[in-house]
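>
Protein chains: 2
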Amino acid sequence: MIEVKSFAALRRFSPDKLQKLNLFETDRFFCDVYCLEPGQEQKAHAHAGSDKLYAVLEGSVEVRVGGETRELRAGEVALCPAGSEHGVANRFSSRAALLVFMAPAPVRT
Amino acid sequence: MIEVKSFAALRRFSPDKLQKLNLFETDRFFCDVYCLEPGQEQKAHAHAGSDKLYAVLEGSVEVRVGGETRELRAGEVALCPAGSEHGVANRFSSRAALLVFMAPAPVRT
Chain X
18 MIEVKSFAAL
28 RRFSPDKLQK
38 LNLFETDRFF
48 CDVYCLEPGQ
58 EQKAHAHAGS
68 DKLYAVLEGS
78 VEVRVGGETR
88 ELRAGEVALC
98 PAGSEHGVAN
108 RFSSRAALLV
118 FMAPAPVRT
Chain S
18 MIEVKSFAAL
28 RRFSPDKLQK
38 LNLFETDRFF
48 CDVYCLEPGQ
58 EQKAHAHAGS
68 DKLYAVLEGS
78 VEVRVGGETR
88 ELRAGEVALC
98 PAGSEHGVAN
108 RFSSRAALLV
118 FMAPAPVRT
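So the protein sequences, as listed, match chains X and S. Each residue of the first sequence is one higher than the one before, counting from 18 in the working numbering. Each residue of the second sequence is one higher than the one before, counting from 18 in the working numbering.
#1: Could you tell me which residues DSSP puts in a beta bridge with X/Lys37?
#2: Tell whether a beta-carbon distance below 8 Å holds between S/Gly66 and S/Ala95.
#3: Quick check: the Cα distance between X/Asp33 and X/Ala114, rounded to an integer number of angstroms?
#4: Run through chain S and tell me which residues come within less than 7 Å of X/Glu75, C-beta to C-beta.
#5: Ordered along the chain, which non-local residues of its own chain (more than five positions away) have a Cβ less than 8 Å from that of X/His62?
#6: Could you name the residues of the same chain whose beta carbon sits closer than 6 Å to that of S/Phe118, not counting the 5 residues immediately before and after it, in chain order?
#7: Going by C-alpha to C-alpha distance, which of S/Ala122, S/Leu74, S/Phe109, S/Thr43 sits closest to S/Gly92?
#8: What are the residues in the stretch 108-124 of chain S lying within 8 Å of chain X by C-beta distance?
#9: DSSP beta-bridge partners for S/Ala95?
#10: Answer with buried or exposed for S/Lys37, where buried requires no fewer than 16 other C-beta atoms within 10 angstroms of its C-beta.
#11: Within its chain, find whatever has a CB closer than 7 Å to the CB of X/Arg28; leave out the 5 residues flanking it on each side and keep chain order.
#12: For X/Gly83, I'd like the list of residues in its chain whose CB is within less than 7 Å of its CB, leaving aside the five on either flank, ordered along the chain.
#13: When the Cα atoms are used, what is the spatial distance from X/Phe109 to X/Ile19?
#14: Go through its chain and collect everything with a Cβ distance to S/Asn107's Cβ below 6 Å, but skip five positions before and after it.
#15: Counting only C-beta atoms, is X/Asp49 closer than 8 Å to chain S at any point?
#16: Cβ atoms of S/Phe46 and X/Asp44: under 8 Å apart, would you say?
#17: In chain X, which residues lie with their C-beta within 7 Å of the C-beta of S/Asp33?
#18: Is the beta carbon of S/Ala120 less than 8 Å from the beta carbon of X/Ala120?
#19: Is S/Ala122 helix, strand or coil by DSSP?
#20: With 16 as the cutoff for other CB atoms within 10 Å, does S/Lys22 come out buried or exposed?
#21: Do we get a CB-CB distance below 8 Å when we pair S/Phe30 with the residues of chain X?
#22: So, helix, strand or coil for X/Ala61, using DSSP?
#23: Can you tell which of X/Val80, X/Arg87, X/Ala122 has its C-alpha closest to the C-alpha of X/Gln59?
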C-alpha cells in the first residue's frame, strides 16, 4: 500500500500551544505540519547536522534564521542550514500552517 | 540574509513537458516544484539510497510507488521509500503542482 497522509486533514490548532503533527518520519528525514494560532511560536533552536525547510501553506509567520528575522507568507519557503539558530512565530492576526522538512531526521529523545 | 524562495512565483507550466523547478538544494536534500499539464508525467524510476515525498499543492496526480498507483489530491503527501520505483502522472483535466522533497540529494550528473 502506498503511504499517503493528508496535511489538510491533520491540520489542527490549539489555544495552548503550537501544534506539530508528524506526516512522515524515515531514517533520512521527517516532514511535519506546524499549526500556529496568532501569538504562538517555536522558540529558536539549532540542529548541528540537519538542514530544515519551512514552507508556508496558510497565513504568515515571522521566521528567524541565524539572528535575522523576516516575514514568510503563504507560498514561500525558507532554508535553515545546519547549525543555524532558527524558529517561527505567528505575529499576525490569522492562523498559520507550515509544512516542515528536515534531513537527516534528528534522534528524538 | 535568510534564503527564501516562492513556490507560488516559481510555478511554471509548459505544453512540452513537466516542469521541475528547484527551490533548494543542499548537501542533505533537495526541494523542487513539479508543474504538470494534463497528460504530462514523470516516468517511474528509483533511487537506491534516498527517500522522496510528493506533496500536492494544486490539482491531482496519479502517483505510482512500488508497482501500485493511486490518486493523490491537493493536501495529500505520498512517501516513496528508497529503492521503490515511483513516478507521477497528471491523468486529470486540471493542472497539477507538487512540492517534491528528497533526502539525501542524489548526485546530479
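Beta carbons: idealized from backbone N, C-alpha and C, even for Gly. Every value quoted in this text rests on a predicted model; they were computed, and no experiment measured them.
Reading it off the structure:
#1: Looking at the DSSP assignment, X/Lys37 forms a beta bridge with X/Tyr51.
#2: Going by C-beta atoms, S/Gly66 is not nearer than 8 Å to S/Ala95.
#3: It is roughly 16 Å from the alpha-carbon of X/Asp33 to the alpha-carbon of X/Ala114.
#4: Neighbours of X/Glu75 on chain S: none; closest Cβ ~11 Å, over 7 Å.
#5: Cβ-Cβ distances below 8 Å link X/His62 to Glu102, His103, Gly104 in the same chain, with the five nearest sequence neighbours on each side left out; the list follows chain order.
#6: Correct list, in chain order: Cys48, Leu70.
#7: Between S/Gly92 and the set S/Ala122, S/Leu74, S/Phe109, S/Thr43, the nearest pair of CA atoms involves S/Leu74.
#8: For the stretch 108-124 of chain S, the set of positions with a beta-carbon nearer than 8 Å to some beta-carbon of chain X reads Leu116, Phe118, Ala120, Pro121 in chain order.
#9: Looking at the DSSP output, S/Ala95 sits in a beta bridge with X/Val21, S/Tyr71.
#10: The residue is exposed, with fewer than 16 neighbouring Cβ atoms inside 10 Å.
#11: Val50, Cys52, Ala114, listed in sequence order.
#12: The beta carbon of X/Gly83 sits closer than 7 Å to the beta carbons of Ser101, Glu102 from its chain, once the five residues preceding and following it are set aside; these are given in chain order.
#13: Straight-line spacing of the CA atoms in X/Phe109 and X/Ile19 works out to 37 Å.
#14: If you ignore the 5 residues before and after S/Asn107, its C-beta comes within less than 6 Å of the C-beta of Leu53, Pro55, Gln57, Val78, Ala113, all in its own chain and listed in chain order.
#15: Taking 8 Å as the CB threshold, X/Asp49 stays off the interface with chain S.
#16: No, the pair does not count as a contact, with Cβ atoms beyond the cut-off.
#17: Those do not exist, as S/Asp33 stays about 25 Å from chain X at its closest Cβ, beyond 7 Å.
#18: Going by beta carbons, S/Ala120 and X/Ala120 fall inside the 8 Å limit.
#19: Assignment of S/Ala122 by DSSP, reduced to helix, strand and coil, places it in the coil class.
#20: S/Lys22 should be labelled buried.
#21: So no, S/Phe30 is outside the interface.
#22: Here DSSP, grouped into helix, strand and coil, assigns X/Ala61 to strand.
#23: Answer by Cα proximity: X/Val80.
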